[in-house]
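The listed protein sequences derive, respectively, from chains A and B.
Counting from 1, one number per residue, gives the positions in the first sequence under our numbering.
Counting from 1, one number per residue, gives the positions in the second sequence under our numbering.
Where a beta carbon is used, it is the ideal one built from N, C-alpha and C, also for glycine.
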Amino acid sequence: MMRALLLSAAALIALPAAAQDVAIVNAKLVIGDGSAPIDGGTVVVRGGKVVAAGAGVAVPAGVERVDAQGRYVTPGIVAAFSRVGLTEVDAVSGTNDRSAPRTRFSAGLDIAPALNPMGSPVAVNRASGVTRAIVAPASSSNLFAGQGAVVDLADDMDMVTRPRALQYVAFGEDGSAKAGGSRAATFLLFREQLLAARSYARNPATLAEWGNDAMIQRADADALVRVIDGTTPLFVRVDRAADIVNVIKLKGEFPALKLVLVGVTEGWLVARDIAAAKVPVLVSPLTDLPSSFEQLGATQSNAGRLKAAGVDVSVGVFDDDDAHKMGYATQYAGNLVGLARVPGASGMTWDQAFASISSVPARAVGMEGSIGSLRPGHAGDVVIWDHDPLELGSRPTAIWIDGKAQSLTTRQDRLRDRYATPQEGALPKAYDR
Amino acid sequence: MIRGVKGSLLAAVSLALVGCAASNGETASAGDKPAEKPVKFNKDPYPSTYKGYPARLTVVKGVTIFDGEGGRIDNGSIVMTSGKVDRIGGPDIELPTDADVIDGTGKFLTPGVIDIHSHLGDYPSPSVEAHSDGNEATSPTTPEVWSEHSVWPQDPGFSRALANGGVTSLQILPGSANLMGGRSITLKNVPSRTVQGMKFPGAPYGLKMACGENPKRVYGGKGRMPSTRMGNFAVNRATWQKAAAYKKKMDDGKAVDRDLAMETLAGVLAGEILVHNHCYRADEMALVIDMSKEFGYKVSTFHHAVEAYKIADILAKEGICSAMWADWWGFKMEAYDSVNENIPLVYKAGACTIVHSDDANQIQRLNQEAAKARAAGRRIGIDVSDEVAWTWLSYNPAKALGIADKTGSLKPGKMADVVLWNGNPFSAYTRPEKVWIDGALMFDANDPKRRPVSDFELGQPGEGDVK
């Protein structure tokens with residue numbers, strides 16, 4: 001019985017499908033913008049985009065109908081801060097393109113050509129409901145880590161949704177280590193590199209004049225010019241309350257900077273400053289240990305308190321889990337719902353929590369009009385779930401990305417099926433597939 | 001989790017066990033000849049001073065109970081007295097009239113969670129270099145080190161494991177840099193000024209061993225043996241051989257120069273110290289099993305056991321537990337073949353199944369990890385009830401630690417290590433409401449005074465905050 005079931009699952013391995021017009025009806029429909037789920041909802045996707053979503057939406061003639069049978073239907077999860085596509089096995093350095101410890105370049109690095117859509121983490125994360133990800137390089141020897149991208153997790157070769165969608169820099173203890181050993185050095189190096197880029201923008205010849213004394217390469221200067229003028233959002237890893245305040249103050253000097261704060265462990269201590277500056281944050285919400293002296297105030301109520309103060313809070317899966325376990329986003333968001341029931345703690349409503357892993361991160365990276373929700377005109381990234389997606393162990397039963405039906409089968413599923421009965425049969429396991 | 005890839009490797013490297021000596025028993029040693037006055041080595045030189053805090057006669061009624069051994073009682077009641085479980089039952093059991101009575105309607109009651117794999121205290125928060133006390137990575141075999149000598153009782157992580165995870169007992173292991181990392185210790189999750197004040201009374205010691213990538217990388221990187229998996233085994237076998245000779249000398253009543261390393265290994269060969277073996281790959285676990293037979297010891301538990309599903313039948317036959325994550329994968333080569341169904345597949349094969357953390361964050365939600373694993377099993381037709389899945393979190397780890405006669409389930413006479421959850425503990429929306437350890441209320445979500453705050457956090461931002 002189980003064996004038959006497993007085999008049929010394996011047989012479902014699909015080739016990448018063409019964009020199709022599809023209407024998912026009879027859904028518990030989650031738009032993803034913080035509004036409440038709509039029972040009996042319908043979402044219509046045509047030409048790869050959502051054209052209508054809600055109750056009482058008519059299904060146009062000729063469009064395939066999929067009956068969700070009352071299950072949750074949501075936009076795909078947007079991983080708020082990830083390295084998916086940049087690594088296969090973290091400790092196998094040849095597969096790991098997160099960072100470039102020995103390069104002379106910094107801000108100019110662009111992860112786009114390093115992304116591997118065929119990597120198994122893409123398929124595994126997709127099977128957990130993640131359809132888009134904000135991917136940043138990790139910082140290595142230089143202060144600026146380089147330019148990240150917004151990607152999709154479809155099973156095709158074209159992974160990049162928006163290249164050079166962000167610049168990444170770490171302040172705090174990480175930044176100090178790169179800048180020469182102190183926070184003072186970090187802020188000075190940051191400022192001097194931006195000023196050098198600005199001089200270069202005004203007169204490209206200056207870079208040649210500086211010669212070997214130039215503190216940045218041409219490619220880095222090009223990238224930083226786009227940070228200074230606000231074209232490229234600047235994602236800043238920062239945790240200590242005082243560091244957060246000082247990073248926000250950089251906007252006084254560089255007013256067009258489009259800051260997004262990442263980590264923000266002690267953000268709740270300065271929530272009003274963050275809200276007043278209208279700077280969005282990406283947090284890993286279950287961080288509650290004083291893992292370092294810049295995280296002494298860590299609490300799982302951070303996300304809820306920031307949200308209550310009016311800050312745009314995206315929920316992500318950071319650090320060691322950032323390439324392989326993006327699916328933890330739903331678990332973390334669910335925990336925020338649970339926290340709202342704990343005396344003295346702050347969490348989120350279900351609707352807010354879901355938005356924090358869909359439309360809110362899309363907005364943080366400047367793509368609120370195109371991904372992260374099922375509003376008309378958005379990408380046709382749709383997931384049907386077997387249960388409440390914020391509950392433990394819920395899984396997608398169907399996924400579309402840009403209106404294309406996606407395979408949910410992973411290499412892990414193949415291994416599981418092979419060993420559903422561990423003993424060898426008539427032939428060794430190597431023949432069992 | 002420790003930040004960064006390097007951090008995760010470090011965390012994976014680190015593993016160990018410390019246990020409390022099973023007794024005050026002493027080992028006979030001897031002079032050159034069969035001894036008339038054998039030298040006695042104290043087996044318990046750092047004895048537990050743990051005592052349960054004052055426990056009130058307490059009743060929780062109208063609650064859904066998972067008893068930890070696979071039993072479930074709806075609309076159940078529990079009576080805790082003098083630090084012990086007095087009885088559990090349905091609505092008809094007789095309840096004392098002079099007890100503190102808690103209405104558990106809509107709530108769930110379970111034995112406390114037991115984490116068989118933790119580094120709280122030996123890799124504490126903050127994870128600064130000065131606190132890095134989990135790996136004595138100066139020799140591939142260091143069975144002479146005891147993790148209790150590294151544990152910092154002020155690690156703030158203990159309180160998070162209590163308040164968010166309902167963890168009442170945990171094993172602190174040395175790391176996995178070494179083939180033989182040293183002794184582990186089992187603790188009650190009750191704050192104390194001293195590690196002795198946390199030691200689980202009567203728990204046997206464990207020996208942390210590690211196979212695979214970590215030892216060969218650490219020592220190969222230093223240009224010394226072992227630098228390969230075959231080197232791992234060669235060093236292990238040579239060390240076991242030496243231990244067997246040491247033990248024989250002792251057994252024969254001959255004089256030995258006291259050797260703390262050999263003393264630990266002789267304890268393993270005598271069955272007094274339990275082996276907790278970090279091992280990911282199926283083929284390596286199978287080789288370790290043969291090595292254990294070659295030298296006459298038993299592996300209690302394979303930790304991490306990412307590929308346990310490939311040899312679940314062998315693990316069942318050998319009676320070896322697997323302590324596993326629900327879904328960790330991809331951080332290193334030997335974690336590449338992870339499957340989300342590992343835990344349910346091991347369970348289905350009839351092998352001892354444990355959910356572990358190895359992580360100061362995930363120890364706070366082992367119930368959630370079990371829930372994910374159970375859901376993955378259900379999708380392939382392995383249906384595990386809530387109450388059976390709880391055995392992965394309390395009774396099975398208690399068995400593997402040698403403390404199942406004292407805790408891990410709600411049988412009368414056992415320690416009243418109990419969690420009252422504000423909903424079904426297999427939901428993301430549920431948190432502990434109250435935690436009793438030896439019948440004493442050590443956490444109460446409704447009472448900020450029943451929330452431990454370590455010395456480290458006093459006077460710091462967020463002191464006494466919800467965490």
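If the cut is a Cβ gap below 8 Å, which residues of chain A does residue i touch?
i               : result
A349 of chain B : P422
Could you please give the first and the last residue of the uninterrupted beta strand (DSSP E) stretch that includes residue i?
i               : result
G41 of chain A  : 38 to 46
S300 of chain B : 299 to 304
S172 of chain B : In the sequence under discussion, the amino acid at residue 172 of chain B is Ile, which differs from the Ser named in the question. Run containing I172 of chain B: 167 to 172, per the beta strand (DSSP E) assignment.
P432 of chain B : 432 to 437
Q147 of chain A : 144 to 152
I399 of chain A : 396 to 401
R72 of chain B  : 72 to 81
I354 of chain B : 353 to 355
W385 of chain A : 382 to 385
Listing by chain order, which chain B residues have their CB less than 9 Å from the CB of residue i?
i               : result
E266 of chain A : P461, G462
R341 of chain A : N422, G423, Y429, T430, R431
T299 of chain A : G462, D465, V466, K467
V89 of chain A  : G330, F331, K332, M333, A335, Y336
F293 of chain A : P126, V128
So which of the options has the shortest CA-CA distance to residue i?
i               : options                        : result
V281 of chain A : A:A242, A:T87, A:N96, A:V262   : A:V262
S301 of chain A : A:Q167, A:A61, A:V264          : A:V264
V275 of chain B : B:E284, B:I88, B:V288, B:A245  : B:V288
D152 of chain A : A:L336, A:A123, A:P137, A:G180 : A:A123
K216 of chain B : B:T81, B:H356, B:E334          : B:E334
S106 of chain A : A:S373, A:V365, A:A223         : A:A223
R433 of chain A : A:P422, A:A426, A:D417, A:T421 : A:D417
G40 of chain A  : A:L207, A:N26, A:T421, A:V383  : A:N26
L269 of chain A : A:L296, A:P255, A:T349, A:A256 : A:L296
A238 of chain B : B:W392, B:G459, B:D447, B:E294 : B:E294
P204 of chain B : B:W328, B:D313, B:I273         : B:I273
H304 of chain B : B:P54, B:D383, B:G223, B:A210  : B:A210
Identify the contact partners of residue i in chain A, using a Cβ-Cβ distance below 7 Å as the criterion.
i               : result
A305 of chain B : Simply none; closest approach about 13 Å.
R160 of chain B : D288, L289
Q368 of chain B : Q331, L392
N340 of chain B : Q412
Who are the neighbours of residue i on chain A, taking C-beta pairs under 9 Å?
i               : result
L345 of chain B : R416, Y419, A420, P422
R374 of chain B : L392, G393
A445 of chain B : V342, P343, G344, A345
E457 of chain B : P290, L296
What does the alpha-carbon distance come out to for the pair residue i and residue j?
i               : j               : result
A270 of chain B : K249 of chain B : 13 Å
V101 of chain B : E424 of chain A : 55 Å
A323 of chain B : I354 of chain B : 4 Å
G267 of chain B : G52 of chain B  : 29 Å
V79 of chain B  : M326 of chain A : 43 Å
V453 of chain B : G85 of chain A  : 41 Å
D386 of chain A : G347 of chain A : 25 Å
Y332 of chain A : P285 of chain A : 7 Å
G104 of chain B : F443 of chain B : 16 Å
F42 of chain B  : Y123 of chain B : A small correction: the amino acid at residue 42 of chain B is Asn; Phe does not occupy that position in the sequence shown. Spanning the two alpha carbons is a distance of roughly 28 Å.
S176 of chain A : L415 of chain A : 44 Å
G212 of chain B : P226 of chain B : 10 Å
The alpha helix (DSSP H) spanning residue i covers which residue range?
i               : result
A275 of chain A : 271 to 276
M486 of chain B : Here chain B comprises residues numbered 1 to 467, so residue 486 of chain B is not present and cannot be evaluated.
I244 of chain A : 241 to 253
Y200 of chain A : 183 to 202
Given that residue i touches chain B, what residues does it touch there, using C-beta distances under 8 Å?
i               : result
F235 of chain A : Those within 8 Å of F235 of chain A in chain B number zero; the least Cβ separation is about 16 Å.
P121 of chain A : G330
Tell me whether residue i, by its Cβ, gets closer than 7 Å to a heavy atom of the ligand GDP.
i               : result
G372 of chain A : Ligands displayed in this structure: none; no statement on the ligand GDP is therefore possible.
- Return the residues of the stretch 118 to 147 of chain B that lie within a Cβ-Cβ distance of less than 9 Å from chain A, sorted by chain order. So the close ones are S125, P126, S127, V128.
- Message: What are the residues in the stretch 325 to 350 of chain A lying within 7 Å of chain B by C-beta distance?
- Response: Shown in chain order are the members of the stretch 325 to 350 of chain A whose Cβ falls below 7 Å from a Cβ of chain B: K325, Q331, G334, N335, V337, G338, R341, V342, P343, G344, A345.
- Item | Positions along the stretch 310 to 335 of chain B whose CB lies within less than 7 Å of some CB in chain A | Taking a C-beta cut-off of 7 Å against chain A, the contacting residues of the stretch 310 to 335 of chain B are K310, I311, A312, D313, D327, W329, G330, F331, K332, M333, listed in chain order.
- Task: Could you name the residues of the stretch 267 to 286 of chain A whose beta carbon sits closer than 8 Å to any beta carbon of chain B, in the order they occur along the chain?
- Result: Answer set for the stretch 267 to 286 of chain A: L269, L286.
- In chain order, what residues of the stretch 348 to 381 of chain A put their CB closer than 8 Å to some CB of chain B? Answer in chain order: no residues at all.
- Message: Taking beta-carbon pairs under 7 Å, can you tell me which members of the stretch 262 to 290 of chain B lie near chain A?
- Response: The stretch 262 to 290 of chain B vs chain A, Cβ under 7 Å: nothing.
- Message: At a CB distance below 9 Å, what residues from the stretch 176 to 200 of chain B approach chain A? Give them in sequence order.
- Response: Residues passing the 9 Å Cβ filter: none.
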